[in-house]
Amino acid sequence: MNELHRSLADKIVRHIRTSAMEQGQHLTEASLQTLFGTSRPPIRSALGMLADQGILERVPNKGFYLRDPSRIAADPLPTADDTSDEATYLRIADDRLSRRLPDRVSETDLMRRYGVSRLGLRRILTRISGEGWIERNEGRGWTFAVLIDSVEAYRECYDLRQVIEVHGIRSPEFRSDPAVLADLRRRQEIIADGGWERLSQMELFEANSAFHEGLATLSGNRFLLTTVQKLNQLRRLIEYRQTLNAEQVRGQNAEHLAILDALDASDFDRAAGLMHDHLGKAKLRKARAEMFSGGSTGEPNQGGDT
């Protein structure tokens, strides 16, 4: 099994779960290509793999449709290796964020450090590479990407997001798409309805990141979208350390839904103002020095991301 295809299949499953897709819904290669930023051939292979597992149905000349949502009610694509892989993934994330791992690493060193096989390590590195925080070197070894690893950088990230995401909504090129807005609302309502307790750390991050990236797609500016996606990649690890209480989760969710309400009413100035306030509140609440001084990405995350 190609590890890139497996990684994409896992992402598709998480997308199905966080979107609360129903039996018979169509999964198009084009939409998944946009969502995951990859070419169509590996997307097609990942969809085929899910069809072979009975999760999707392959319809000739039409594409892939969700066959049985109950098959993925638990964690995506569970295997005997998943628990070990997840633990190792979180250890690597925490070690990198805490600067216990250098910029360049070899597979041999990582295998020795984490006590994993080469096959298991490559499975994990493929996942990390797909998330954008490590790249394979042309020769040997891997190089970690630059991440947001200080409270100053975290604040600067939110300052930039306030500028570009608010501008995107106010842009004359912004176009409301009822289907996109309905999908974003459905995801947020799932989280509001107790989903933050059921979904994994990664699923929460991806669902809430998808909210901001989804609005960026409507801005009409391709560079705004790629910038928002890149900022989400850079802050992914530190967001895994965030833990919010139930009141904060409900507040964050309500802010997302209020922005969608304003957009549904075509009140773009109000939506932009709400987005500015939303990101400003998040910066004040979450940019804390202790998040960069240790801790563990393995702790339960009750807030996901904003």
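In our numbering, the protein residues as written are 38 to 343. Where a beta carbon is used, it is the ideal one built from N, C-alpha and C, also for glycine.
In angstroms with no decimal places, state the Cα-to-Cα distance between residue 117 and residue 88. Walking along the sequence shown from the start, residue 117 turns up at place 80. Walking along the sequence shown from the start, residue 88 turns up at place 51. With a pLDDT of 42 at residue 117, under the threshold of 50, the predicted position of this residue should be treated as unreliable, and no value is reported.
Between which two residues does the beta strand (DSSP E) containing residue 103 stretch? Walking along the sequence shown from the start, residue 103 turns up at place 66. That run of the beta strand (DSSP E) goes 100–103.
Any heavy atom of the ligand ADP closer than 7 Å to the beta-carbon of residue 157? Among the ligands in the structure shown, none appear at all, so the ligand ADP cannot be discussed.
State yes or no: is the C-beta of residue 268 within less than 8 Å of the C-beta of residue 194? Walking along the sequence shown from the start, residue 268 turns up at place 231. Walking along the sequence shown from the start, residue 194 turns up at place 157. Cβ atoms of residue 268 and residue 194: closer than 8 Å.
Compute the Euclidean distance between the alpha carbons of residue 337 and residue 279, then round it to the nearest angstrom. Within the sequence shown, numbered from 1, the residue matching residue 337 stands at position 300. Within the sequence shown, numbered from 1, the residue matching residue 279 stands at position 242. Residue placement at residue 337 is poorly supported in this model, since its pLDDT is 40, which falls under 50; the coordinates still yield a value, given next. So the two alpha carbons sit approximately 9 Å from each other.
Own chain residues within Cβ distance below 6 Å of residue 64, not counting five before or after: Reading the sequence shown from its first residue, position 27 is the one you call residue 64. Excluding the 5 residues flanking it on each side, residue 64 has same chain C-beta neighbours closer than 6 Å at 101, in chain order.
By Cβ distance below 7 Å, which residues in the same chain neighbour residue 51 in space, the five residues on each side in sequence not counted? Residue 51 sits at position 14 when you count from the first residue of the sequence shown. Beyond the five residues adjoining it in sequence on each side, residue 51 comes within less than 7 Å, by CB distance, of 113, 239, 240, 243 in the same chain, given in chain order.
Can the beta-carbon of residue 78 be found less than 8 Å from the beta-carbon of residue 45? Sequence index remark: in the sequence shown, residue 78 carries index 41 (1-based). Sequence index remark: in the sequence shown, residue 45 carries index 8 (1-based). Pairing residue 78 with residue 45 gives a Cβ-Cβ distance that is not under 8 Å.
Would you identify the three-state DSSP class for residue 93, choosing helix, strand or coil? By 1-based counting over the sequence shown, the position of residue 93 is 56. Residue state, collapsed to three classes: strand.
Comparing the C-beta of residue 60 with each C-beta of chain C, is any distance below 8 Å? Here there is only one protein chain, and chain C is not present.
First and last residue of the beta strand (DSSP E) that includes residue 173? If you number the sequence shown from 1, residue 173 lands on position 136. That run of the beta strand (DSSP E) goes 171–173.
By how many angstroms is the C-alpha of residue 148 removed from the C-alpha of residue 167? For the purposes of this step, residue 167 is identified with residue 130 of the sequence shown, where counting begins at 1. For the purposes of this step, residue 148 is identified with residue 111 of the sequence shown, where counting begins at 1. Between the C-alpha atoms of residue 167 and residue 148 there is a straight-line separation of about 20 Å.
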